[in-house]
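A quick write-up on the structure given underneath.
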DNA sequence: AAGGTGACTAACA
DNA sequence: ATGTTAGCCACCT
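Residue numbers (the numbering used here): 425 to 535.
Written as structure tokens, this is what we have:
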């Protein structure tokens, strides 16, 4: 199975109201340092694979989107809708990874 | 078809 | 403490 396929699968498994960082997704998909590829896949494959793109943020918990189709404000809104607290730090949206972060092992144990 | 390019990160200077 | 660099490798052109 290809890396990209695993990434898509993992992202789709992120539960409602939880988030994961690019790095975590990459690591679980089998390549810890390929975080940026996860970003690529999100950027280009969100529509194609119908991904919950708003549930993926960077390792610091910030929204690191640079996409006009899916602006940070929208992502923040979607997350709030899911019950996630989104705070604002210096013009950047932030969510508590400790609190809302999620790892597949918690429920599936596989992947 | 081959190569440039990241919605990233952690490690250095 | 802030800025740069080097891994990473699938996707798009």
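We treat Cβ as the ideally placed atom computed from N, Cα and C, and that holds for glycine.
Quick one: using the 10 Å Cβ neighbour count with 16 as the cut-off for buried, is residue i buried or exposed?
i: residue 522; result: exposed
i: residue 476; result: buried
i: residue 426; result: exposed
i: residue 485; result: buried
i: residue 499; result: buried
Considering only DSSP beta bridges, list what residue i is partnered with.
i: residue 526; result: Answer is none; residue 526 lacks a bridge partner.
i: residue 517; result: 512
Would you please state the rounded distance, in angstroms, between the beta carbons of residue i and residue j? I believe it to be under 8 Å.
i: residue 447; j: residue 508; result: About 19 Å; that fails the 8 Å criterion.
i: residue 518; j: residue 439; result: Between residue 439 and residue 518 the Cβ distance is about 20 Å, and since that is not below 8 Å, they are no contact.
At 3 residues or longer, what runs of the beta strand (DSSP E) sit wholly inside the region 431-511?
Taking only runs of at least 3 residues, no beta strand (DSSP E) segment lies wholly in the region 431-511.
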